[in-house]
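Student:
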Amino acid sequence: MNGTPDRPQTSWGVFAQRNFRLLWMGETVSGLGNGITAVGLPLIAVVVLDANSTAVGLIAAAVWLPWLLVGLPVGAWVDRTRKRPLMIACDLVSAAALVSIPLAAWLDALTFRHLVVVALVCGTAAVCFNTAYHSYIHIVLDGRDLLEGNAKLQGSEAATQVAGPGVAGLLAQGFGAVTALVADAATFLVSAVCLKRIGVVEVDRVPDGERASLRRQIIEGLRFVGRDRYLRPMVTWGAVINMALMGYQAVQVVFLVRTVRLNPAMVGLLLASGSTGGIVGALVATGFSRRFGTARGLLLLQVATAPFALLLPMTTAGPGLLLFAMGAFFVGIGVSVANVVVGSFRQTYCPPRMLGRVVATAMVINHSTIPVGSLLGGVLGDAVGYRPAMWLMTSVVAACWLVLVMSPMRRERDLPQTYEQKQVHAKD
13 MNGTPDRPQT SWGVFAQRNF RLLWMGETVS GLGNGITAVG LPLIAVVVLD
63 ANSTAVGLIA AAVWLPWLLV GLPVGAWVDR TRKRPLMIAC DLVSAAALVS
113 IPLAAWLDAL TFRHLVVVAL VCGTAAVCFN TAYHSYIHIV LDGRDLLEGN
163 AKLQGSEAAT QVAGPGVAGL LAQGFGAVTA LVADAATFLV SAVCLKRIGV
213 VEVDRVPDGE RASLRRQIIE GLRFVGRDRY LRPMVTWGAV INMALMGYQA
263 VQVVFLVRTV RLNPAMVGLL LASGSTGGIV GALVATGFSR RFGTARGLLL
313 LQVATAPFAL LLPMTTAGPG LLLFAMGAFF VGIGVSVANV VVGSFRQTYC
363 PPRMLGRVVA TAMVINHSTI PVGSLLGGVL GDAVGYRPAM WLMTSVVAAC
413 WLVLVMSPMR RERDLPQTYE QKQVHAKD
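Heads up: take any position in the sequence shown, counting from 1, add 12, and you land on the working numbering.
#1: Where does M418 fall in DSSP's three states?
#2: Looking at the structure shown, is P363 part of a helix, part of a strand, or coil, going by DSSP?
#3: Locate the alpha helix (DSSP H) running through L122, then write down its first and last residues.
#4: Flag this pair as yes or no: are the beta carbons of G38 and L207 separated by less than 9 Å?
#5: Q29 lies in the alpha helix (DSSP H); which residues open and close that run?
#6: Would you mind working out which of G390, N254, G87 and L132 sits nearest P364, comparing C-alpha positions?
#7: Using the Cα positions of V60 and G135, report the straight-line distance between them to the nearest angstrom.
#8: Can you tell me whether T123 is buried or exposed? The criterion is at least 16 other CB atoms within 10 Å of its CB, across all chains shown.
#9: With DSSP collapsed to three states, give me the class of T446.
#10: How many Å lie between V90 and A144 at the Cα?
#11: Please confirm whether P383 and L80 have their CB atoms less than 9 Å apart.
#12: Taking the alpha-carbon positions, what's the L35 to G397 distance?
#13: Could you spell out the range, first to last residue, of the alpha helix (DSSP H) harbouring C412?
#14: Quick check: L182 and A277, are their CB atoms within less than 9 Å of each other?
#15: Do the segment 123-132 and the segment 321-331 meet, that is, are 3 or more Cβ pairs less than 8 Å apart?
#16: Can you name, in chain order, every residue of its own chain whose Cβ lies under 8 Å from the Cβ of I345, other than the five neighbours on each side?
#17: Heavy atom of the ligand MN less than 8 Å from the Cβ of A262, yes or no?
#18: May I have the straight-line CA-CA distance separating I48 from L414, to the nearest angstrom?
#19: By a C-beta neighbour count over all protein chains shown, 10 Å radius and 16 as the cutoff for buried, is L132 buried or exposed?
#20: Which runs of the alpha helix (DSSP H) at least 4 residues long sit entirely within the segment 60-115? Give them in chain order.
#21: What do you get for A192, buried or exposed, if any count of 16 or more other CB atoms within 10 angstroms of its CB means buried?
#22: Where does A329 fall in DSSP's three states?
#23: To the nearest angstrom, how far is it from the Cα of C412 to the Cα of R369?
#24: Which word fits M11, buried or exposed, when buried means at least 16 other C-beta atoms lie within 10 angstroms of its C-beta?
#25: Just the Cα atoms here: how many angstroms apart are Q29 and W118?
#26: So, with DSSP's three-state summary, where would you put N275?
#27: Helix, strand or coil: how does DSSP classify D196 here?
#28: What are the complete alpha helix (DSSP H) segments, minimum 4 residues, inside the segment 233-295?
#29: Between the Cα of S356 and those of L201, L310, V41 and V194, spot the shortest distance and give me the residue it belongs to.
#30: Ends of the alpha helix (DSSP H) at T317?
#31: If we count the other Cβ atoms within 10 Å of its Cβ and call it buried at 16 or more, is V213 buried or exposed?
#32: Indicate the three-state DSSP secondary structure (helix, strand or coil) for E39 in the structure shown.
#33: Quick one: any contact between the segment 386-393 and the segment 300-307, if contact means 3 or more CB pairs under 8 Å?
#34: Have a look at T248 and Q359 and give me their C-alpha separation to the nearest angstrom.
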């Protein structure tokens with residue numbers, strides 16, 4: 013059941029819809045917490061526990077490992093269950109896990125193993141939450157509003173990626189690295205309250221007696237993605253770029269602290285300034301896609317922005333910090349626009365009964381390389397040095413647009429809006 017049968021025609025767009033406002037508010041606050049965590053956990057490992065880059069990479073890998081372990085069954089499960097109660101439960105679990113870190117630190121009982129366990133717990137909650145969330149957007153908004161709604165959500169996510177690292181760095185500098193996670197836990201509680209107040213009624217589409225087995229549903233989702241000429245190159249590109257992005261991100265905090273010699277506050281501010289590209293990308297995604305087409309626009313931006321990743325390993329102290337900010341800015345634009353276009357495409361293109369499985373399958377494949385990239389980046393940092401490791405991983409980012417250029421998208425202006433439309437295009 014759609015939450016917006018009669019869309020208000022106002023200058024506020026999707027923000028005129030109460031249910032979307034609550035969803036947006038909850039995700040924005042939770043996203044701020046995620047931005048804090050992204051810097052807070054590595055800082056705790058480096059500053060409090062004196063960890064090396066391999067250990068930092070292991071923490072980053074632990075966050076994403078649950079996608080490989082439970083991602084596919086979660087996708088089939090989400091298609092069977094109501095999304096909002098599951099998302100609320102995930103928020104509460106994440107809040108409890110994060111609170112345990114400052115408590116352990118204040119009791120002088122914090123260990124590296126504790127950080128890894130919390131990363132695994134939060135990662136598992138994120139698998140369930142994100143799979144349900146991508147299906148839930150389609151319930152809150154109708155097809156006409158999905159591109160705009162995804163752009164708004166992507167914009168707020170990018171904004172929190174700017175604010176989160178800055179807040180984490182300042183909190184770590186002023187009060188200690190573990191303090192940032194107290195604020196992070198609070199954001200998950202706020203998100204849960206916002207989700208609780210959403211008034212959309214979810215319909216259980218399939219009676220219990222008619223449901224296929226989890227194994228059959230998982231296979232169906234894998235086949236749908238693997239055989240589709242649009243989804244297959246998208247998830248392949250996503251897997252490649254995620255590996256490379258996480259590879260250099262696993263090293264970048266250690267690189268900035270130990271090679272460039274920045275303090276935690278400056279690390280947070282630098283990562284925040286670079287993340288502004290994500291905001292710009294979300295702001296221009298809708299207009300750019302309408303002007304150049306969803307397929308052509310996506311390709312153009314990837315070709316134009318990905319090579320800027322090569323500026324990151326050139327970073328030096330002083331004016332050389334601008335290289336890092338500029339490289340992250342343009343890479344952020346390309347990734348942000350891709351997230352909006354690909355996310356909206358999946359939500360309108362896939363049959364509703366399979367959306368959870370298709371989302372989970374795509375995200376499992378996309379995220380399967382994240383632990384590999386995180387560990388690879390960390391190991392390379394210790395083996396060959398932090399700057400050479402940055403060079404190796406950013407070189408992959410700079411070239412990964414070739415995957416999309418070799419796909420059918422290069423011959424089309426727009427991606428099909430429905431699976432049936434794709435079938436017509438294929439016959440033509």
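Even glycine gets a Cβ: it sits at the ideal position worked out from N, Cα and C.
Tutor: Considering the structure as presented:
#1: coil
#2: coil
#3: No alpha helix (DSSP H) contains L122, which DSSP labels as neither H nor E.
#4: yes
#5: Taken as a continuous stretch (DSSP letters only), Q29 belongs to no alpha helix (DSSP H), as it is neither H nor E.
#6: G87
#7: 22 Å
#8: exposed
#9: Past the edges of the chain, shown from 13 to 440, lies residue 446, and the structure says nothing about it.
#10: 6 Å
#11: yes
#12: 43 Å
#13: No alpha helix (DSSP H) contains C412, which DSSP labels as neither H nor E.
#14: yes
#15: no
#16: G289, G290, V292, G293, V296, L313 and T317
#17: Among the components modelled here there is no ligand, and therefore nothing to report on the ligand MN.
#18: 33 Å
#19: buried
#20: 65-92
#21: buried
#22: coil
#23: 26 Å
#24: The structure shown does not extend to residue 11, since the chain is modelled only from 13 to 440, so the question has no answer here.
#25: 43 Å
#26: coil
#27: helix
#28: 243-266 and 276-286
#29: L310
#30: T306 to T317
#31: exposed
#32: helix
#33: no
#34: 18 Å
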